[in-house]
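Heads up, the sequence shown stops at 281 in UniProt numbering, and the numbers go up one at a time, no gaps.
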Amino acid sequence: MTGYGKSVLQLPTKKISIEIKSLNSKNLDVNARMPSVYREKELSLRKLIANKLERGKIDFSIYVEITGEETTTQVNKTVVKQYMNQLRDVVAGDETELLKMAVRFPDALSTERDDIDDDEWNAILNEVNTALNHISTYRLDEGKVLEADFKERIQRIDNLLEQVIAIDPERIDGVRERLRKGVEELKEKVDENRFEQELIFYIEKFDITEEKVRLKNHLEYFITSLDSKDSNGKKLGFISQEIGREINTIGSKSNYAPMQKLVVQMKDELEKIKEQLLNVL
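See the structure below:
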């Protein structure tokens, strides 16, 4: 969701600069700064930004630099003269110093509010759209980088899952052997059939077949959703939560150091995915 767009409009008597900055945010939060003459158009600008950018913390600014001789601020001569006359009654002073004091008082300067010229506003809207297109292009470029990173990390998790699947039989054999040694150390004679029944029950508690299948499906679903043309950042976030749930369950059931090491690596890759998902619409 991060991005930056800028456009500059040069008019005969002024230069208008439009800047848009976007940072990560769960919702749309637009902070608009512009000269008061354009304030009546703020609502329509916010709607335009919302339709184009959808989410993010947006800083939108319009800067105006007067390049011609026109100005809307005038000295209120009558008021200034009255202030100076009153000041002379209070203190004797140089005319220049009295003038400096007088122009600081209320109503010494008056500003005429210009109506927005339709042609000027249409030109500004065109530049706003240009800046929005720039920020959208910035976002798309960033999105392509993130897409490649997601696919690479999902593939790493998938490769680690394949290693988990490969060592699962030896994990079960290890559990079986530990149980048998434990019984032998007790120097107790056990019924082999009863032992096998208890062993099966014990092993079922540590069986991760369902978790392996579900995790595989979640990884495939993540890639399918990533390739979708729809905005799907929140959806990818939900899928990543399901991926994490299956990884955690495998870790809690594994009871086998080599497998737990693989689980830690999968968690590390998933955390990096979750961090970057904050950048996705």
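Even for Gly, the Cβ is constructed at its ideal location relative to N, Cα and C.
Item, Value
"Write down the C-beta distance between Gly-56 and Asn-31 rounded to the nearest angstrom, noting that I regard them as a contact closer than 8 Å.", "Contact doesn't hold; Cβ gap of about 11 Å is too wide."
"What are the start and end residues of each continuous alpha helix (DSSP H) run of 4 or more residues lying completely inside the stretch 135-188, in chain order?", "none"
"Using the DSSP secondary-structure output, state which residues sit across from Asp-29 in a beta bridge.", "Lys-57"
"Apart from the five residues on each side of it in sequence, which residues of its chain come closer than 6 Å, Cβ to Cβ, to Met-84?", "Leu-98 and Ala-102"
"Among the candidates Val-8, Glu-271, Lys-21 and Met-259, whose CA atom is the shortest distance from the CA of Arg-139?", "Lys-21"
"Could you tell me which residues DSSP pairs with Gln-276 in its beta bridges?", "None; Gln-276 has no bridge partner."
"Cα separation between Leu-161 and Gly-143?", "27 Å"
"With 16 as the cutoff for other CB atoms within 10 Å, does Leu-278 come out buried or exposed?", "exposed"
"Check Leu-9 in the structure and name its three-state DSSP category.", "strand"
"Please check the pair Gln-276 and Leu-146, which I expect to be a contact at CB under 8 Å, by giving their CB distance rounded to whole angstroms.", "6 Å"
"What are the start and end residues of the beta strand (DSSP E) that includes Lys-21?", "14-23"
"Check each candidate in Ile-165, Arg-88, Asn-232 and Ile-223 and name the one with the smallest Cα separation from Glu-210.", "Ile-165"
"Please report the residue range of the alpha helix (DSSP H) in which Val-90 lies.", "77-90"
"Could you say which of Ile-243, Phe-150, Phe-105 and Asn-27 lies nearest to Leu-53 if we only look at CA atoms?", "Asn-27"
"Hey, could you find the ends of the alpha helix (DSSP H) Leu-236 is sitting in?", "233-254"
"Quick one: what does DSSP say Ile-66 is sitting in, helix, strand or coil?", "strand"
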